[in-house]
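Q: Got a structure here, written out as structure tokens. Questions coming.
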Amino acid sequence: MYHFTLYLKGSFYIYMVASMDEAYINEIRKDFPILETKVREGVPLIYLDNAATTQKPRQVIDAISEYYLKYNANVHRGIHALSEIASEKYEDAHSKVAKFLNAKFSEIVFTKNTTEGLNLVAHGLRNLLSRGDEIVVTRMEHHSNLVPFQIVAKETGAVLKFIEMEDFEKLDLNSAEKVITDKTKLVSIPHMSNVLGTINPVKEIAQIAKEHDALMLVDGAQSVPHLKIDFKNLGIDFLSFSGHKMLAPMGIGGLVGREEVLANYEPLLYGGEMIRNVDYDIATWNDLPWKFEAGTPNVSGGIGLGVAVDYLQNIGMDKVHQIEYELTKYTLDRFEELDFVKVYGPDAEHRGGVVSFNVYNDSGQLIHPHDVSTLLDENGIAIRAGHHCAQPLMKSMHIPATNRISFYIYNTKAEVDRTIEVLKQIKDIFN
Amino acid sequence: MNIYRENILEHYKNPLNHEEMEDASADFEDSNPVCGDEIHFWVKISDDGKIERATFKGTGCAISQASASMLTETVEGMSIDEVEEMGSDEIRELVGVPLSPVRLKCALLGLKVLQGALLKYKGEHQ
Ligand SMILES: Cc1ncc(COP(=O)(O)O)c(C=O)c1O
Chain H
145 MYHFTLYLKG
155 SFYIYMVASM
165 DEAYINEIRK
175 DFPILETKVR
185 EGVPLIYLDN
195 AATTQKPRQV
205 IDAISEYYLK
215 YNANVHRGIH
225 ALSEIASEKY
235 EDAHSKVAKF
245 LNAKFSEIVF
255 TKNTTEGLNL
265 VAHGLRNLLS
275 RGDEIVVTRM
285 EHHSNLVPFQ
295 IVAKETGAVL
305 KFIEMEDFEK
315 LDLNSAEKVI
325 TDKTKLVSIP
335 HMSNVLGTIN
345 PVKEIAQIAK
355 EHDALMLVDG
365 AQSVPHLKID
375 FKNLGIDFLS
385 FSGHKMLAPM
395 GIGGLVGREE
405 VLANYEPLLY
415 GGEMIRNVDY
425 DIATWNDLPW
435 KFEAGTPNVS
445 GGIGLGVAVD
455 YLQNIGMDKV
465 HQIEYELTKY
475 TLDRFEELDF
485 VKVYGPDAEH
495 RGGVVSFNVY
505 NDSGQLIHPH
515 DVSTLLDENG
525 IAIRAGHHCA
535 QPLMKSMHIP
545 ATNRISFYIY
555 NTKAEVDRTI
565 EVLKQIKDIF
575 N
Chain X
3 MNIYRENILE
13 HYKNPLNHEE
23 MEDASADFED
33 SNPVCGDEIH
43 FWVKISDDGK
53 IERATFKGTG
63 CAISQASASM
73 LTETVEGMSI
83 DEVEEMGSDE
93 IRELVGVPLS
103 PVRLKCALLG
113 LKVLQGALLK
123 YKGEHQ
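Chains as they are written, first to last, in this note's numbering: chain H, 145 to 575; chain X, 3 to 128.
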């Protein structure tokens, strides 16, 4: 490639790279049958709501149906052929996720989603909290990383504190230094904001938490699907994520926990599968990670998650990020040219593939995001409009809601162009 | 651009009875926290229990504001009981465009607030 560029004119080289990428994306799109959907007659689907949930590739769908067609059985219980295959595949999926995130097998707990993992950590925290202790979260939380800690704080007499934001764009590290103290028992932050797109400095904040002996939890709902994650290197204790936001089916997710922490942590659910010995009056817990997976798990979901991870690793997380970065940068640049669109959040270098914005008519009146999304939907364009489960953030920004475009590996610049074309029409309708 | 082609936009841009009422018999205000739509209704009730006039103010999406505007026109002359019996079917008919479940909630906010005002009136007068 390097040699070729010496002989090619710069612009032609850029053209080649761009069209190569287009061909590459088109190959990816072939794995997602749903992208061929016509929302209504003659109206093809443009799916830009990936932060809510992503579409699933054929490989994942096939793995789920294969499980039910060929080896459906309960895991870890039956001494029979099907159960052995199911158990092996289900455990294998844990290994794949462990490798994907650079964690140990024993550190991967399958949950149903990010929310469950966050609740698991919040629940166990009850044992570690005394009156006057502090829990630290941020001003940009999804309700899932806020409400569980409100409840635990209320029950234990602990105090909930907040890391402030700068310009509604990023976390204020000075504020983090101030609010994280020796009283802090747990710090929890989103790796990436689902509203602003901001990628937060997890490592830096984990370092501060460590200095004060506080546990560090990361809401990875928006980062695990999009960024290369090295759990060990981040220096955190817990990471929670959802499979459905990363090509896997709904109802499966993961909580990664540092082995030494998990070993002494209280489970959220008790029952079968998570025990070793049970007497009528007492029970002991199973090995990690099973101690945290009580009851019959979502086996097909877990296997689907493993295949989703294979799929992403095949592309490579650096490439995933690059595809999204280019789409995001392109969108921000194009929005910059439009005086009727207001964009929230930082520049493309500091965010993931999420762009929240509002649209105004020529007299400067806000066009409500519900109206915008309804009209986009009439053109087959699926985005999210609302408060994105972040009501406190919306209130502090003094806006009722935003529109949000969010990308994944199968989106194209042509889809962004079409969206902008329709946004212009919407503005004109409301003039 | 089907759903906004009808008279929704006309009502949104030039809402009817869009003002506070000085001599209202009752008023009520509510919001839809999911989308931030807010509506305030005022009603004037005649001696025989009929709605003489209804006015509203509010902010929010076109569907919520247009449906409130249409409602002020529709309920004029109706009895309190008649308005209390109205529900989503009547609102769908009034708005006259297909509404998804989420958008139906927007469309229903005006009716909910108006019925709240009537309840308040009844509480004070019966
Ligand atoms: C930042 C963030 N945290 C938590 C969640 C909750 O994810 P789930 O609904 O899959 O539990 C989401 C997804 O909406 C999110 O974007």
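Positions of the beta carbon are idealized from the N, C-alpha and C atoms, including for glycine.
Tell me whether E22(X) sits in a helix, a strand or coil according to DSSP, three-state version.
A: Residue numbering aside, residue 22(X) sits at position 20 when the second sequence is read from its first letter. Coil.
Q: Can you find a C-beta in chain H that's less than 9 angstroms from the C-beta of D111(X)?
A: Your numbering for residue 111(X) matches position 109 in the second sequence. The residue you asked about is not Asp; residue 111(X) is Leu in the sequence shown. Not an interface residue.
Q: If we count Cβ pairs, one from each stretch, closer than 8 angstroms, do we get three or more for the segment 343-359 of chain H versus the segment 436-446 of chain H?
A: Touching, no, given that fewer than three Cβ pairs across the two stretches are closer than 8 angstroms.
Q: Just how far apart, CA to CA, sit A56(X) and V99(X)?
A: Numbered from its first residue, the second sequence carries residue 56(X) at position 54. Numbered from its first residue, the second sequence carries residue 99(X) at position 97. Each residue's alpha carbon lies about 23 angstroms from the other.
Q: Quick check: the Cα distance between H532(H) and P544(H), rounded to an integer number of angstroms?
A: The residue labelled residue 532(H) in the question sits at position 388 within the first sequence. The residue labelled residue 544(H) in the question sits at position 400 within the first sequence. Going from the Cα of H532(H) to the Cα of P544(H) covers about 11 angstroms.
Q: What does the alpha-carbon distance come out to for the pair T149(H) and I467(H)?
A: Numbered from 1 along the first sequence, position 5 holds the residue referred to as residue 149(H). Numbered from 1 along the first sequence, position 323 holds the residue referred to as residue 467(H). Confidence in T149(H) is poor, its pLDDT being 41 and thus under 50, which makes the residue's placement too unreliable to answer from.
Q: When the Cα of S550(H) is compared with those of N505(H), S332(H), E404(H), H370(H), which residue comes out closest?
A: On the first sequence, residue 550(H) is found 406 positions in, with the first residue counted as 1. Among N505(H), S332(H), E404(H), H370(H), the Cα nearest to that of S550(H) belongs to H370(H).
Q: Can a CB atom of chain H be found closer than 9 angstroms to the CB of Y6(X)?
A: For the purposes of this step, residue 6(X) is taken as the residue at position 4 of the second sequence. Taking Cβ atoms only, chain H reaches closer than 9 angstroms to Y6(X), which makes this a yes.
Q: Could you check the C-alpha separation between S48(X) and E54(X) for me, to the nearest Å?
A: In the second sequence, residue 48(X) corresponds to position 46, counting from 1. In the second sequence, residue 54(X) corresponds to position 52, counting from 1. If I take the Cα positions, the gap works out to 6 angstroms.
Q: From the DSSP output, in three-state form, read off L152(H) for me.
A: As a position in the first sequence, residue 152(H) is number 8, starting the count at 1. A caution first: L152(H) carries a pLDDT of 46, below 50, which makes its placement in the model too unreliable to give a value.
Q: DSSP beta-bridge partners for L383(H)?
A: Within the first sequence, numbered from 1, the residue matching residue 383(H) stands at position 239. Paired residue(s): V362(H), V400(H).
Q: If we call anything under 9 angstroms between Cβ atoms a contact, is R91(H) one with V560(H)?
A: Beyond the ends of chain H as shown, which are 145 and 575, falls residue 91(H); an answer cannot be given.
Q: Does the distance from the C-beta atom of Q199(H) to that of V451(H) stay below 9 angstroms?
A: For the purposes of this step, residue 199(H) is taken as residue 55 along the first sequence, with counting starting at 1. For the purposes of this step, residue 451(H) is taken as residue 307 along the first sequence, with counting starting at 1. Taking 9 angstroms as the Cβ cut-off, Q199(H) and V451(H) do not qualify as a contacting pair.
Q: What's the gap between the Cα of E522(H) and the Cα of I178(H)?
A: Within the first sequence, numbered from 1, the residue matching residue 522(H) stands at position 378. Within the first sequence, numbered from 1, the residue matching residue 178(H) stands at position 34. Near 18 angstroms, if we compare the C-alpha coordinates of I178(H) and E522(H).
Q: Indicate the three-state DSSP secondary structure (helix, strand or coil) for S444(H) in the structure shown.
A: Looking up residue 444(H) in the first sequence gives position 300. The answer is helix: DSSP assigns S444(H) an H, G or I state.
Q: Leaving aside the five residues before and after V498(H) along the sequence, list all residues of the same chain whose C-beta is less than 6 angstroms from its C-beta, in chain order.
A: Within the first sequence, the letter at position 354 stands for residue 498(H). If we look at V498(H) and ignore the five residues flanking it on each side, its Cβ neighbours are A195, G341, S550.
Q: Would the C-beta of N575(H) count as close to ligand 1, meaning under 8 angstroms from any of its heavy atoms?
A: Counting from 1 along the first sequence, the entry for residue 575(H) is found at position 431. For ligand 1, not one heavy atom lies less than 8 angstroms from the Cβ of N575(H).
Q: Ends of the alpha helix (DSSP H) at K240(H)?
A: Numbered from its first residue, the first sequence carries residue 240(H) at position 96. Taken as a continuous stretch (DSSP letters only), the alpha helix (DSSP H) holding K240(H) covers 225-245.
Q: Throw me the rounded Cβ distance for the I525(H) and I190(H) pair, which I believe falls under 8 angstroms.
A: Translated into positions along the first sequence, residue 525(H) becomes position 381. Translated into positions along the first sequence, residue 190(H) becomes position 46. That pair is a contact at about 4 angstroms.
Q: What do you reckon, is the C-beta of L18(X) under 8 angstroms from a heavy atom of ligand 1?
A: As a working mapping, residue 18(X) is identified with position 16 in the second sequence. Not so, every heavy atom of ligand 1 lies at least 8 angstroms from the Cβ.
Q: Expressed to the nearest angstrom, what Euclidean distance is found between the alpha-carbon atoms of L101(X) and K59(X)?
A: Walking along the second sequence from the start, residue 101(X) turns up at place 99. Walking along the second sequence from the start, residue 59(X) turns up at place 57. Straight-line Cα distance between these residues: approximately 23 angstroms.
Q: If I follow the unbroken alpha helix (DSSP H) through P292(H), where does it start and stop?
A: For the purposes of this step, residue 292(H) is identified with residue 148 of the first sequence, where counting begins at 1. Looking at the DSSP string, the run of the alpha helix (DSSP H) that includes P292(H) is 291-300.
Q: Would T472(H) and V339(H) qualify as a contact pair, given that the criterion is a beta-carbon distance under 9 angstroms?
A: Reading the first sequence from its first residue, position 328 is the one you call residue 472(H). Reading the first sequence from its first residue, position 195 is the one you call residue 339(H). Their beta carbons are not under 9 angstroms apart, which means T472(H) does not touch V339(H) by this criterion.
Q: For N263(H), which of helix, strand or coil comes out of DSSP?
A: Residue mapping note: residue 263(H) aligns to position 119 of the first sequence, counting from 1. Correct three-state label for N263(H): helix.
Q: With a threshold of 8 angstroms, are at least 3 pairs of Cβ atoms found where one atom belongs to the segment 453-465 of chain H and the other to the segment 253-264 of chain H?
A: Not touching, per the Cβ criterion.
Q: Looking at the strands, I want to know which residues DSSP matches up with E278(H).
A: The residue labelled residue 278(H) in the question sits at position 134 within the first sequence. Bridge partners of E278(H): V303(H), T328(H).
Q: Here's the rule: buried if 16 or more other CB atoms are within 10 angstroms of the residue's CB, otherwise exposed. What is V97(X)?
A: Stepping through the second sequence from its first residue, residue 97(X) is reached at position 95. V97(X) is buried by the Cβ-count criterion.
Q: Go ahead and label V132(H) buried or exposed: buried means 16 or more other beta carbons lie within 10 angstroms of its beta carbon, across all protein chains shown.
A: The structure shown does not extend to residue 132(H), since chain H is modelled only from 145 to 575, so the question has no answer here.
Q: Buried or exposed, going by whether 16 or more other CB atoms sit within 10 Å of the CB of S274(H)?
A: Within the first sequence, the letter at position 130 stands for residue 274(H). That one is exposed.
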